[in-house]
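In the working numbering, the protein residues as written are 1 to 154.
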């Protein structure tokens with residue numbers, strides 16, 4: 001019997017924006033079923049055929065009303081997150097330091113509120129997946145974090 005070739009991965013592709021104002025970062029408190037009441041960065045899924053930076057800018061605008069030029073977003077970290085046995089996600093974390101507008105909760109069905117936190121004191125109840133991307137950004141040690149995957153012994 002011939003072994004079947006491995007199936008290509010089909011992870012969900014997410015964009016996350018670290019909206020930075022000096023030493024402050026904007027966070028959203030989740031209002032939907034995933035992580036209700038916990039903190040997250042403005043984020044969302046990439047649409048088919050959409051460039052990463054454009055998707056990040058779109059999600060930021062849809063969630064917060066903040067307008068950022070995709071060319072002003074800086075890729076700062078990537079997280080390959082294993083959400084379950086059947087679902088993986090790849091999150092691209094962008095830093096935004098230039099934008100227009102004031103943050104407004106434009107998705108009250110998904111978000112309880114938006115709040116600024118100190119770069120040095122992020123919210124304690126931060127969902128693990130975005131926390132890993134934020135820590136990778138803050139530590140600037142590596143461009144990739146693999147979260148939720150068991151490492152092979154060796």
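Glycine residues also receive a C-beta, built at the ideal position from the N, C-alpha and C atoms.
Bear in mind the structure is a predicted one, so any value in this text is a computation, not a measurement.
query                                                                                      : result
Alpha-carbon spacing of residue 4 relative to residue 103, whole angstroms                 : 50 Å
Candidates 105, 33, 150, of which the one nearest residue 66 by Cα                         : 105
Beta carbon of residue 17 nearer than 8 Å to that of residue 41                            : yes
Residues bridged to residue 73 (per DSSP)                                                  : Residue 73 pairs with nothing; no bridge assigned.
Unbroken beta strand (DSSP E) run spanning residue 146, endpoints                          : 144-147
Exposure of residue 133, with buried meaning 16 or more beta-carbon neighbours within 10 Å : buried
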